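To start, the structure itself, in structure tokens.
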């Protein structure tokens, strides 16, 4: 008969151990352990910028020319083949490049020039060319459409609004253009146009009509 009391003692001991273990687990959890923390500052800012519907407003840069607003990626259809949707990586946003070139063709008696070139994603470009080293420097303005003529590396052709070839350029990087030719004259040395921090809309040409470079 005394042997029957052992299970009761064991059950009591197990109950005490279980209670101690549960108390220890409760102490390990810090206050607010199961509470959901607030969203990060970045998430809050993004939510406020997107609005309740979750849509982000298109980013725009007022150049005075060119289509500079972000557009949703269109799915290719029979009327818009996939090849037509391909864009050029270095010009997914408007950029301004600046550089100096010698007299071209070389050997002629003409001043060097400083070129400011702004290119828009929709295919339009504007340029301001200023003569250097002269008492009364002449400034000229031109505009036209740029056309992709190579992809490895990216190469573009600048056409004027009269379809004449103005320049041939190669993207050595997304921010550096090498001048391959200007007015069909090729320099013997390498000359470059470098991207500028600020985009120059070359507003002196705002009175001219906008070109339709991507019909």
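Numbering (the working numbering), first residue to last: 4 to 218. Cβ coordinates follow ideal geometry from the N, Cα and C atoms, glycine included. These numbers were taken from a predicted model, which means no experiment stands behind them.
Using C-beta distances below 8 Å, list every residue in its chain close to residue 92, excluding the 5 sequence neighbours before and after it, in chain order.
Within the chain shown, numbered from 1, the residue matching residue 92 stands at position 89. Around residue 92: 157, 177.
Top-ranked residue by Cα proximity to residue 105, from 128, 122, 209, 132
The count along the chain shown starts at 1 and reaches residue 105 at position 102. Nearest of 128, 122, 209, 132 to residue 105, Cα basis: 132.
From residue 166 to residue 212, what distance separates their C-alpha atoms?
Residue numbering aside, residue 166 sits at position 163 when the chain shown is read from its first letter. Residue numbering aside, residue 212 sits at position 209 when the chain shown is read from its first letter. If you take the alpha carbons of residue 166 and residue 212, they lie about 16 Å apart.
Does DSSP put residue 127 in a helix, in a strand, or in coil?
For the purposes of this step, residue 127 is taken as the residue at position 124 of the chain shown. DSSP places residue 127 in strand when its eight states are reduced to three.
Following the continuous beta strand (DSSP E) through residue 146, name the residue where it begins and the one where it ends.
Taking the chain shown and counting its residues from 1, one reaches residue 146 at position 143. Per DSSP, residue 146 belongs to the beta strand (DSSP E) from 142-154.
Go to residue 122, then tell me how far its beta strand (DSSP E) extends in each direction, as first and last residue.
Locating residue 122 in the chain shown gives position 119, counting from the first residue. Counting along the chain, the beta strand (DSSP E) containing residue 122 begins and ends at 116-122.
Any idea what DSSP makes of residue 92, helix, strand or coil?
Numbered from 1 along the chain shown, position 89 holds the residue referred to as residue 92. Note: residue 92 maps to helix in three-state DSSP.
Please name the residue in 119, 114, 163 whose C-alpha comes closest to that of residue 139.
Locating residue 139 in the chain shown gives position 136, counting from the first residue. It is 114.
Label residue 147 either buried or exposed according to how many other C-beta atoms from any shown protein chain fall within 10 Å of its C-beta, with 16 as the threshold for buried.
Counted from its first residue, the chain shown places residue 147 at position 144. Burial call: buried.
From the DSSP secondary-structure annotation, give me the bridge partner or partners of residue 133.
Here the question's residue 133 lines up with position 130 in the chain shown. Residue 133 pairs with 117, 142.
How far does the beta strand (DSSP E) with residue 159 in it extend, from its first residue to its last?
Sequence index remark: in the chain shown, residue 159 carries index 156 (1-based). Residue 159 -> beta strand (DSSP E) spans 157-163.
Smallest Cα separation from residue 118: which of 197, 162, 209, 152?
In the chain shown, the residue the question calls residue 118 occupies position 115. When each option's Cα is compared against that of residue 118, the closest is 197.
Just to confirm the assignment: which complete beta strand (DSSP E) runs, minimum length 3, are found wholly within the segment 158-199?
168-176, 179-185, 195-198
When burial is assigned at 16 or more other CB atoms within 10 Å of the CB, is residue 159 buried or exposed?
Counted from its first residue, the chain shown places residue 159 at position 156. Its Cβ being crowded by 16 or more others within 10 Å, residue 159 is buried.
What's the C-alpha gap between residue 215 and residue 97?
As a working note, residue 215 is residue 212 in the chain shown. As a working note, residue 97 is residue 94 in the chain shown. If you take the alpha carbons of residue 215 and residue 97, they lie about 16 Å apart.
Neighbourhood of residue 126 by C-beta, 7 Å cutoff - its chain only, sequence neighbours within 5 removed
Taking the first residue of the chain shown as position 1, residue 126 is located at position 123. Taken in chain order, the residues that qualify are 148, 149, 216, 217.
Output the boundary residues of the beta strand (DSSP E) element that contains residue 99.
Taking the chain shown and counting its residues from 1, one reaches residue 99 at position 96. Residues 98-104.
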